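Participant: So the protein lines, in turn, are chains U and P. Going by this note's numbering, the first residue of the first sequence is number 3, and it counts up by one from there. Going by this note's numbering, the first residue of the second sequence is number 119, and it counts up by one from there. Idealized CB from N, CA, C, for every residue including glycine. Values in this document were obtained by computation on a predicted structure and should not be read as measured data. My questions will all concern the structure given below.
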Amino acid sequence: MPLAAREVTGILADNLRMRGSVLPVPSRRATRWATQMGLRKGGPTVLYTGMMYRVVPYVEGLNRLQARIAGTPLARYMWAARLANKATRGYGMTLLARPSAAERAELGRVPANVARLLQAASVDFGYLYEDDLYTGALVYDLGSDEVVGEHARRVAATLRKHGVSEVITIDPHTTTMLRSVFPKFIEGYDIKVRSYLEVLTERGCPGGPQLAPRSGAEVVIHDSCVYARYEDVVDQPRQLLAAAGVKVLEPGQAGRQTWCCGGPAESLYPDKALAVAAKRAEQLRAVAPTCVTMCPICLVTLRKAADQGLRVRDISEFLVMARAKS
Amino acid sequence: MSTVVSRVLDDEVGHLGVFDADACMNCGVCSAMCPLGTDLLPRRVFRYAVLGMKARLHEQSEAVFSCLLCRLCEQNCPASVHITENVRLLRRWLLDHPNEAR
Numbered sequence: 003m004p005l006a007a008r009e010v011t012g013i014l015a016d017n018l019r020m021r022g023s024v025l026p027v028p029s030r031r032a033t034r035w036a037t038q039m040g041l042r043k044g045g046p047t048v049l050y051t052g053m054m055y056r057v058v059p060y061v062e063g064l065n066r067l068q069a070r071i072a073g074t075p076l077a078r079y080m081w082a083a084r085l086a087n088k089a090t091r092g093y094g095m096t097l098l099a100r101p102s103a104a105e106r107a108e109l110g111r112v113p114a115n116v117a118r119l120l121q122a123a124s125v126d127f128g129y130l131y132e133d134d135l136y137t138g139a140l141v142y143d144l145g146s147d148e149v150v151g152e153h154a155r156r157v158a159a160t161l162r163k164h165g166v167s168e169v170i171t172i173d174p175h176t177t178t179m180l181r182s183v184f185p186k187f188i189e190g191y192d193i194k195v196r197s198y199l200e201v202l203t204e205r206g207c208p209g210g211p212q213l214a215p216r217s218g219a220e221v222v223i224h225d226s227c228v229y230a231r232y233e234d235v236v237d238q239p240r241q242l243l244a245a246a247g248v249k250v251l252e253p254g255q256a257g258r259q260t261w262c263c264g265g266p267a268e269s270l271y272p273d274k275a276l277a278v279a280a281k282r283a284e285q286l287r288a289v290a291p292t293c294v295t296m297c298p299i300c301l302v303t304l305r306k307a308a309d310q311g312l313r314v315r316d317i318s319e320f321l322v323m324a325r326a327k328s
Numbered sequence: 119m120s121t122v123v124s125r126v127l128d129d130e131v132g133h134l135g136v137f138d139a140d141a142c143m144n145c146g147v148c149s150a151m152c153p154l155g156t157d158l159l160p161r162r163v164f165r166y167a168v169l170g171m172k173a174r175l176h177e178q179s180e181a182v183f184s185c186l187l188c189r190l191c192e193q194n195c196p197a198s199v200h201i202t203e204n205v206r207l208l209r210r211w212l213l214d215h216p217n218e219a220r
């Protein structure tokens, strides 16, 4: 494999082992939204973000850094970058991958959006604040199972410490890690895991009857591969959007046949990722000028590939907006 | 470039997890559907693994690591091969065996 790919994989795995996340973010700032909402700490049911909506803008920042280095003599010295990252105290390469304030702010709104929706549905839940740990999804995908197994046991022990028996997730990657991957690494793992899309739908699309007037929005839906094909979450976002008065249009490939956003290739092969994303953006743009996503990786990747003819927004924005109008 | 055909690689990857690449019947549905548009993933890579062609597998490491793990191929695989998990296990083998290109 190319040296750079090996070293990038190594840096992400080193960070997960040493710092608890592929690119650690300051937890106080990342959980400020929960403090402001006054969410209780812990409890049997918790909202669990896995920091994905916080980490993805930093991963994007790292990708931009790599793109600048690629093809230059510096690319041959990625091994040195890995050593420096290991030797550095604190946040390591996160400091070099810092995204813009606008990027952080937009994706950072999603956890609060979800918390408001759950509160409106009368779901009793707490939050783990600094113990809302990244689950290791990216490192697992790259094949570093030993590192992920160790990290999974750390996350599970943290959940046990807080007396958690059920988690409500907000993105597909955290959902599949906690629900389908962790049981492979941890004997007796029995945490109940559901996406907030599933929880809200099980509650009969709460907010639906309350959501008046109808939003009148019309969107094309982009299914997450992980939600649709790994976790069988296909109908729920459609039902919730419909209840919020949003007209959902389907692209040629949707549901279990959805077309990937390209994002999973971004860290190692950004050109390939962008090519896949551009094709998907074109498919979506042919249906409607506004696209709704339910994954931070899809959101960032499609937005980068889309030109001005396609707006890409997270599903929680539509659901909260509809509530605000009710 | 010479290659040695053996079951060693299939066994080595099989020790890392459930590896069912030998269930692949090489029909090509996966390659036809892949969003990356390559004809390498995953059927040809699986054949290299099953036949123990370590050098060829190393040559194709970019294909293995660029796979999106999106499961569009797996969703449509007529032989129900666990394609994405196989690819993930091959990544793990490549990471664990960086110098076994021969």
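#1: Verify whether the separation of the beta carbon atoms of Val57 of chain U and Ser23 of chain U is less than 8 Å.
#2: For the putative contact between Thr178 of chain U and Tyr232 of chain U, defined by C-beta atoms under 8 Å, what is the C-beta separation to the nearest angstrom?
#3: My guess is that Leu251 of chain U and Glu220 of chain U are in contact by the Cβ rule of under 8 Å, so how many angstroms apart are they, rounded?
#4: Listed in chain order, which residues of the region 222-235 of chain U have Cβ atoms closer than 7 Å to some Cβ of chain P?
#5: Any beta carbon from chain P within less than 8 Å of Leu67 of chain U's own beta carbon?
#6: Does DSSP classify Glu252 of chain U as helix, strand or coil?
#7: Report all residues from its chain with a CB closer than 8 Å to the CB of Ser179 of chain P; omit the five preceding and five following residues, and keep chain order.
#8: What does Gly264 of chain U touch in chain P if you count any residue whose Cβ is under 8 Å from its own?
#9: Given 7 Å as the limit, tell me if Ser318 of chain U has its C-beta closer than that to any heavy atom belonging to the ligand HEM.
#10: Could you run through the region 245-261 of chain U and flag, in chain order, every residue whose CB is less than 9 Å away from some CB of chain P?
#11: Shorter than 8 Å from the beta carbon of Gly197 of chain U to some beta carbon of chain P?
#12: Are Leu130 of chain U and Val48 of chain U close, meaning C-beta to C-beta below 8 Å?
#13: Between the C-alpha atoms of Gly110 of chain U and Pro298 of chain U, what's the straight-line distance to the nearest angstrom?
#14: Evaluate contact between the region 162-180 of chain P and the region 126-146 of chain P, counting only Cβ atoms and requiring at least three cross-stretch pairs below 8 Å.
#15: Taking only beta-carbon atoms, is Arg161 of chain P less than 8 Å away from chain U?
#16: When you compare the region 158-174 of chain U with the region 32-51 of chain U, are there three or more beta-carbon pairs, one atom per stretch, that lie closer than 8 Å?
#17: Which residues of chain U have a Cβ atom closer than 7 Å to the Cβ of Arg210 of chain P, listed in chain order?
#18: Would you mind sorting Thr37 of chain U into buried or exposed? The rule is 16 or more other CB atoms within 10 Å of its CB.
#19: Identify the contact partners of Lys274 of chain U in chain P, using a Cβ-Cβ distance below 8 Å as the criterion.
#20: Identify the contact partners of Val183 of chain U in chain P, using a Cβ-Cβ distance below 9 Å as the criterion.
#21: Since Leu242 of chain U and Thr203 of chain U are thought to touch, with beta carbons under 8 Å apart, how far apart are those beta carbons, to the nearest angstrom?
#22: Is there a Cβ of chain U sitting closer than 8 Å to that of Pro216 of chain P, yes or no?
#23: Assign Cys293 of chain U to one of three DSSP states: helix, strand, or coil.
#24: Which ranges would you report for the alpha helix (DSSP H) in the region 157-189 of chain U if only whole runs of at least 4 residues count?
#25: Report yes or no: is there a C-beta of chain U within less than 8 Å of the C-beta of Arg220 of chain P?
#26: Can you tell me where the alpha helix (DSSP H) holding Asp273 of chain U begins and where it ends?
#27: Please report the straight-line C-alpha distance between Ala246 of chain U and Lys274 of chain U, rounded to a whole angstrom.
#28: With DSSP collapsed to three states, give me the class of Leu312 of chain U.
#29: For the alpha helix (DSSP H) containing Tyr142 of chain U, name the first residue and the last one.
#30: Are Arg209 of chain P and Leu144 of chain U close, meaning C-beta to C-beta below 8 Å?
#31: Taking C-beta pairs closer than 7 Å, name the residues in chain P that Ala267 of chain U reaches, listed in chain order.
#32: Identify every residue that forms a DSSP beta bridge with Arg31 of chain U.
#33: Along chain U, which residues have their Cβ under 9 Å away from the Cβ of Arg206 of chain P?
#34: Can you list the residues of chain P that Tyr79 of chain U reaches, using a CB-CB cut of under 7 Å?
#35: Check whether the Cβ of Leu127 of chain P lies closer than 8 Å to any Cβ atom in chain U.
#36: Between which residues of its own chain and Leu5 of chain U is the CB-CB distance below 6 Å, once the five residues before and five after are set aside?
Facilitator: On the basis of the supplied data:
#1: A contact, by the Cβ cut-off of 8 Å.
#2: About 5 Å separates the two Cβ atoms, so the contact holds.
#3: So it is a contact: roughly 7 Å between Cβ atoms.
#4: Within the region 222-235 of chain U, the residues whose Cβ lies closer than 7 Å to some Cβ of chain P are Cys227, Arg231, Tyr232, listed in chain order.
#5: Answer no: the Cβ-Cβ gap between Leu67 of chain U and chain P never drops below 8 Å.
#6: Looking at Glu252 of chain U - three-state DSSP - the assignment turns out to be coil, as it is neither helix nor strand.
#7: These residues qualify, in order along the chain: Leu212.
#8: Here the neighbours are Pro153, Leu186.
#9: Of the ligands one can find in the structure shown there are none, so the ligand HEM has no counterpart to examine.
#10: Residues Gln255, Arg258, Gln259, Thr260, Trp261.
#11: Checking the displayed sequence, the identity of residue 197 of chain U turns out to be Ser instead of Gly. No, no contact with chain P.
#12: Yes, they are a contact pair.
#13: Answer to the nearest angstrom: the Cα atoms are 10 Å apart.
#14: Touching, yes.
#15: It does not; no Cβ of chain U falls within 8 Å.
#16: With three or more CB-CB distances shorter than 8 Å, the region 158-174 of chain U counts as touching the region 32-51 of chain U.
#17: Within chain U, the residues near Arg210 of chain P are Gly145, Asp147.
#18: So Thr37 of chain U counts as exposed.
#19: Those are Leu154, Ser184, listed as they occur along chain P.
#20: Against Val183 of chain U, chain P offers no close residue; the least beta-carbon distance is about 10 Å (beta-carbon pairs closer than 9 Å).
#21: Right, the Cβ-Cβ distance comes to about 6 Å (below 8 Å), so this counts as a contact.
#22: Yes, because at least one Cβ of chain U sits closer than 8 Å to the Cβ of Pro216 of chain P.
#23: The answer is strand: DSSP assigns Cys293 of chain U an E or B state.
#24: Taking 4 residues as the minimum length, the alpha helix (DSSP H) runs contained wholly in the region 157-189 of chain U are 174-178, 184-187, in order along the chain.
#25: Residue placement at Arg220 of chain P is flagged as unreliable, the pLDDT there being 48, under the threshold of 50; a coordinate-derived value is accordingly withheld.
#26: For Asp273 of chain U, the enclosing alpha helix (DSSP H) has its first and last residue at 272-287.
#27: Approximately 36 Å, taken between the alpha carbons.
#28: Secondary structure at Leu312 of chain U: coil, using DSSP grouped into helix, strand and coil.
#29: Segment 139-143, the alpha helix (DSSP H) holding Tyr142 of chain U.
#30: Remark: C-beta atoms of Arg209 of chain P and Leu144 of chain U approach each other more closely than 8 Å.
#31: In chain order: Ser184, Leu186.
#32: In the DSSP assignment, Arg31 of chain U forms no beta bridge with any residue.
#33: Residues of chain U passing the Cβ test: Tyr142, Asp143, Leu144, Gly145, Asp147.
#34: Tyr79 of chain U does not reach chain P, its nearest Cβ partner there being about 18 Å away, counting only Cβ pairs nearer than 7 Å.
#35: No, no contact with chain U.
#36: Low local confidence applies: a pLDDT of 47 at Leu5 of chain U is under 50, so the model's placement there is unreliable, with the coordinate-based value given in what follows. Taken in chain order, the list of residues that qualify is empty.
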